[in-house]
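Asker: I am attaching a structure below and will ask some questions about it afterwards.
The structure is reproduced here in structure tokens:
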């Protein structure tokens with residue numbers, strides 16, 4: 003078991019490695035531009051994840067729908083899977099793997115954005131939602147770990163944290179999406 007200083011050094015190392023990743027930095031700038039353009043055009047942004055990544059999806063939606071740093075109008079950002087009746091009805095009658103894809107079908111519009119969070123890049127429901135998003139003309143942004151998994155091939159913009167350790171990936175994701183929220187908010191204020 004590690005002490006807190008060791009743990010924080012590990013987190014700092016993961017963030018430092020991410021900071022040196024120029025492809026990741028370029029991807030984040032492209033993601034900011036895509037999300038900002040969609041929102042300025044009146045299109046919605048749909049965000050989805052599982053477990054901790056679901057909490058991150060809700061965090062992103064909360065920062066952009068409510069506010070991050072600036073006083074401004076609310077932005078149409080929706081975390082998928084948060085309507086328990088829809089999620090459980092679809093999962094019961096069909097399956098959980100296609101539940102987010104169904105919500106993308108219901109809420110996704112051409113020119114909108116789908117952001118899928120999956121540390122492995124292989125979560126079946128996130129992959130299915132990304133496939134549906136591409137078919138409907140949404141820009142697909144994937145936040146994953148190193149390599150990107152199956153989402154890499156589906157993503158218009160891949161934000162792959164340079165790690166294979168789930169907690170480290172999520173720590174990098176938080177920094178990435180906080181920056182994204184700050185920049186999108188400034189571009190939409």
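In my numbering, the protein residues as written are 3 to 191.
No residue lacks a Cβ here, since even glycine has one placed at the ideal position from N, Cα and C.
Owing to the predicted nature of the structure, the values given are computational and were not obtained by experimental measurement.
For the beta strand (DSSP E) holding residue 160, just list the boundary residues, first then last.
Answerer: The sequence position of residue 160 within the chain shown is 158, counting from 1. Counting along the chain, the beta strand (DSSP E) containing residue 160 begins and ends at 159-162.
Asker: State the DSSP-derived secondary structure class of residue 132, mapped to helix, strand or coil.
Answerer: By one-based count along the chain shown, residue 132 stands at place 130. It is helical.
Asker: Pull the bridge partners of residue 80 from the DSSP assignment, please.
Answerer: As a first step, residue 80 is located in the chain shown; it is residue number 78 there, counting from the start. According to DSSP, which records beta bridges pairwise, residue 80 is partnered with 48.
Asker: I need the DSSP call for residue 12, collapsed to helix, strand or coil.
Answerer: As a working note, residue 12 is residue 10 in the chain shown. Taken through DSSP and simplified to helix, strand or coil, residue 12 comes out as helix.
Asker: Relative to the alpha-carbon of residue 152, which residue among 134, 136, 126 and 161 has its alpha-carbon at the smallest distance?
Answerer: On the chain shown, position 150 is the one that residue 152 refers to. Out of 134, 136, 126 and 161, 126 has the C-alpha closest to the C-alpha of residue 152.
Asker: Out of 183, 123, 156 and 106, which one is the CA nearest neighbour of residue 167?
Answerer: For this step, residue 167 is matched to residue 165 along the chain shown. Out of 183, 123, 156 and 106, 123 has the C-alpha closest to the C-alpha of residue 167.
Asker: Is residue 111 helix, strand or coil when you go by DSSP?
Answerer: Looking up residue 111 in the chain shown gives position 109. Three-state result, residue 111: coil.
Asker: On a Cα-Cα basis, can you pick out the residue from 134, 29 and 141 that is closest to residue 104?
Answerer: Numbered from 1 along the chain shown, position 102 holds the residue referred to as residue 104. Minimum Cα distance to residue 104 is reached at 134.
Asker: Could you say if the region 85-97 and the region 140-154 meet the contact criterion of at least three C-beta pairs nearer than 8 Å?
Answerer: no
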